[in-house]
Amino acid sequence: MKRVRKAVIPVAGLGTRFLPATKSMPKEMLTIVDRPVVQYAVDEALEAGIEHIVFVTGRNKSAIEDYFDLQPELNGFLARSGKLEQLNCLQELQLPAGSISFTRQQSPLGLGHAVWCARDMIGDEPFALLLPDMVSFGEKGCLAGIMDFYERTGGNVIAVEQCHPAETNRYGIVGKGKEFGAGFAIDAMVEKPAPTEAPSNYYINGRYLLQPEVFAILGRQEPGAGSEIQLTDAMLRLLAEQPFFAVPFEGRMYDCGSKEGFVQANVAFALARNDVRDHVFDPIAAMMSSLEQRVAAE
Ligand code: G1P
């Protein structure tokens, strides 16, 4: 079984759900507490043992490339002015030279197309895919969980969660086949089905471990749901040829491409941070109780 060394992180999306904030700034650079959203996906990939990250970017996304570059002037300034805590933070986050690559998706043709743009950089090996809008929160990152599962099964593995049955049209949905340890074999896959058409309420939560054969399928694929080249459609074809498993994620995934999910993630991560918790917990508790009183009085 080939080891998974590389991860793809698509960051080409326009972020229309987050306008006006994303008019001049990539949505992946919005911050959860004090780190950009994309940093959380990178941390999760590194935790899972990934050695090389391929970002699929687009126009107006150069802030992401700059963020991952070394900033010698800034580091020099921090050192000279004794801001060692900040300097250490930047140094700890700095990725080794040569361990990240960037390629561009020239037109917004869908997630499947974005992944296909990384084909030459991935080559003939299994790879991880992390959709950075979905931010994993829990003891152990979501990717590390599916990586452990993959070590026992091989094949293709994706992480899933259960959504409200009325919300299947927001996600890729899988059908549940035979159980396999902590996961199950997938027997169906549909992108954003109406609740009446959905094979279950297990939705694909944005973490994938895929075999490279998916690239050939993506390369000859027609547009699907929403007139976009869909990764889910390509995975469905791969499912006919290779083992395909789903593993329910035991932590929590915040959809930071939506305003609600983004605000919830900020609260959750702030409360989980020792340096921030005490300064936000009491004000949030006070806000909640005054809100409750107001609602009760109405
Ligand atoms: C994409 C995938 C979908 C998946 C979702 C998770 O959809 O196509 O299968 O469930 O991410 O966030 P998007 O959110 O890009 O519409």
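When the sequence shown is numbered by this note's numbering, its final residue is 302 and no position is left out of the sequence of numbers. Cβ atoms here follow ideal geometry from the backbone N, Cα and C, with glycine treated the same way. Quick caveat, the model's predicted, so the values are computed rather than measured.
Taking all protein chains shown into account, decide if residue i is buried (16 or more other Cβ within 10 angstroms of its Cβ) or exposed.
| i | result |
| --- | --- |
| Thr35 | exposed |
| Leu147 | buried |
| Val267 | exposed |
| Pro199 | exposed |
| Val12 | buried |
| Met151 | buried |
| Thr20 | exposed |
| Glu155 | exposed |
| Gln110 | exposed |
| Asp279 | exposed |
| Val58 | buried |
Is the closest heavy atom of the ligand G1P to the C-beta of residue i under 7 Å?
| i | result |
| --- | --- |
| Thr236 | yes |
| Met291 | no |
| Asn173 | no |
| Ile208 | yes |
| Glu195 | yes |
| Asp137 | yes |
| Gly176 | yes |
| Leu115 | yes |
At which residues does the alpha helix (DSSP H) containing residue i begin and terminate?
| i | result |
| --- | --- |
| Asp259 | Unbroken run through Asp259 is the beta strand (DSSP E), 256-259; no alpha helix (DSSP H). |
| Thr236 | 235-243 |
| Gln297 | 278-301 |
| Gln90 | 88-97 |
| Val8 | Where Val8 is concerned, there is no enclosing alpha helix (DSSP H), given that its DSSP letter is neither H nor E. |
| Asn147 | The identity of residue 147 in the sequence shown is Leu, whereas the question assumes Asn. Segment 146-157, the alpha helix (DSSP H) holding Leu147. |
| Met125 | 123-126 |
| Ala101 | Ala101 -> no alpha helix (DSSP H), and no H or E assigned at all. |
| Gly19 | Run containing Gly19: none; DSSP gives neither H nor E here. |
State the start and end residues of the unbroken beta strand (DSSP E) segment that holds residue i.
| i | result |
| --- | --- |
| Met138 | 138-141 |
| Tyr44 | First-last for Tyr44: 41-51, but that is the alpha helix (DSSP H), not the beta strand (DSSP E). |
| Leu213 | 206-214 |
| Leu134 | 131-134 |
| Val58 | 56-61 |
Cβ of residue i within 8 Å of Cβ of residue j?
| i | j | result |
| --- | --- | --- |
| Val194 | Glu183 | no |
| Gly142 | Phe249 | no |
| Val15 | Glu32 | yes |
| Ala186 | Val251 | yes |
| Leu113 | Glu232 | yes |
| His56 | Arg9 | yes |
| Ile68 | Val42 | yes |
| Ile162 | Tyr207 | no |
| Val164 | Met257 | no |
| Gly145 | Glu48 | yes |
| Pro203 | Gly179 | yes |
- Item | Segment contact flag, the segment 281-288 with the segment 219-235, C-beta cutoff 8 Å, min 3 pairs | no
- Counting pairs of beta carbons, one from the segment 123-133 and one from the segment 61-77, are three or more of them closer than 8 Å? no
- Are three or more beta carbon pairs between the segment 236-248 and the segment 211-223 nearer than 8 Å? yes
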